[in-house]
Amino acid sequence: MTPQKQLTAYYTMVRNDFVRIVRIWSQTLLPPVVTTSLYFIVFGTFIGSQLAPIHGLRYIQFIVPGLIMMSVITSSYMNTVSTFYFAKWTHTLDEILVSPMPDWLIIMGFVSGGVMRGLFVGVLVGIVGLFFTHLAIFNILVLIGAVVLTSVLFALGGVINGAFAKSFDGISIVPTFVLTPLTYLGGIFYSISQFPPVWQTVSKFNPILYMVNAFRWGFFGFSDINIGVCFGVLFGFILIFLAVTLWLFRGGIGVKN
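All the letters of the sequence shown, read from the start, carry residue numbers 25 to 281 under this note's numbering.
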């Protein structure tokens with residue numbers, strides 16, 4: 025394929041996902057906004073008002089970056105795993121695979137859809153957060169870099185889950201039993217500096233901790249983890265997930281019927 029045709033194919037995939045996301049906004053955009061609003065009300069306003077400041081911030085201010093990131097992670101992941109598995113189930117993926125599109129471009133198309141939905145949801149949740157507290161941006165580049173890379177990572181994870189899923193039930197196993205526990209234990213509602221040393225060490229085995237802290241650093245300029253380490257973990261996992269996804273496509277594992 026010529027570069028122009030590759031661009032057209034990529035645009036078609038992204039446009040198709042954009043139209044789907046906007047058309048069924050009550051399923052793709054509204055639920056995470058409503059759910060996160062409840063977190064703001066219950067944890068931020070009711071419970072948070074009784075808690076001491078963390079790193080000099082009111083509790084609701086402290087948890088806003090984490091709640092935004094949680095919404096981005098969930099939306100990016102669920103968008104790709106659902107669209108990829110649905111494409112397998114309807115055999116639309118077979119039609120894409122027999123086209124001249126290279127594997128990397130197909131992956132890029134699916135991942136871009138997940139990133140797009142994740143960023144849409146992140147912006148909406150951030151706007152809702154402004155109704156409960158004020159936010160300052162310490163470093164816009166770190167902020168954007170953290171949220172985009174995290175969205176890319178979990179969009180790739182969604183493709184991998186979609187490839188191995190054998191049924192619609194299969195696409196909910198990882199989010200339920202892996203993603204949700206890791207997210208809740210990823211430093212969204214607390215700082216690991218409040219933990220004893222042994223539990224701080226245990227917490228550092230959770231990759232989501234690094235993503236939440238990188239994003240929080242972009243807002244407030246502080247992090248429980250060195251910001252360079254946070255981005256190193258992000259890039260490392262992206263490379264691993266990308267390698268696994270390319271291997272699945274080239275081997276036809278979970279991709280070709």
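C-beta atoms are modelled at their ideal positions from N, C-alpha and C, and glycine is treated no differently.
Once DSSP output is grouped into helix, strand and coil, what is the label at residue i?
i, result
"Ile249", "coil"
"Ile78", "strand"
"Gly133", "helix"
"Val279", "coil"
"Ile197", "helix"
"Gly124", "Correcting the residue type first, residue 124 is Pro in the shown sequence and not Gly. Of the three classes helix, strand and coil, the one that applies to Pro124 here is coil, per DSSP."
"Met140", "helix"
Alpha helix (DSSP H) containing residue i: first to last residue?
i, result
"Asn185", "164–188"
"Ile120", "116–121"
Measuring alpha carbon to alpha carbon, tell me which of the options ends up nearest residue i.
i, options, result
"Pro124", "Ile262, Phe246, Leu180, Gln30", "Gln30"
"Gly210", "Ile195, Phe239, Gly186", "Phe239"
"Thr52", "Ala160, Trp113, Asn103", "Asn103"
"Gly72", "Ile78, Leu62, Tyr83, His79", "Tyr83"
"Thr60", "Met235, Phe155, Met132", "Phe155"
"Val202", "Ile120, Ile65, Leu117, Pro231", "Pro231"
"Leu165", "Ile251, Leu177, Thr157, Ile120", "Ile251"
"Phe229", "Thr207, Phe246, Met37, Val139", "Thr207"
"Val43", "Asp118, Tyr214, Arg141", "Arg141"
"Gly275", "Leu121, Gly150, Thr116", "Leu121"
"Arg39", "Glu119, Leu91, Gly137", "Gly137"
Apply the 10 Å Cβ neighbour rule to residue i and answer buried if 16 or more other Cβ atoms are within range, or exposed otherwise.
i, result
"Tyr134", "Here residue 134 turns out to be Phe, not Tyr, going by the sequence shown. It counts as buried."
"Gly223", "First, the residue type needs correcting, since residue 223 is Trp and not Gly in the sequence shown. Exposed: under 16 other Cβ atoms inside 10 Å."
"Asp41", "buried"
"Phe192", "exposed"
"Phe162", "exposed"
"Ile48", "exposed"
- Start-end ranges of the alpha helix (DSSP H) lying completely within the stretch 46–105, minimum 4 residues: 49–52, 54–63
Check: Considering only residues of the stretch 203–244, which uninterrupted alpha helix (DSSP H) runs meet the minimum length of 4 residues and lie entirely inside it, listed in chain order?
Finding: 204–208, 221–227, 231–244
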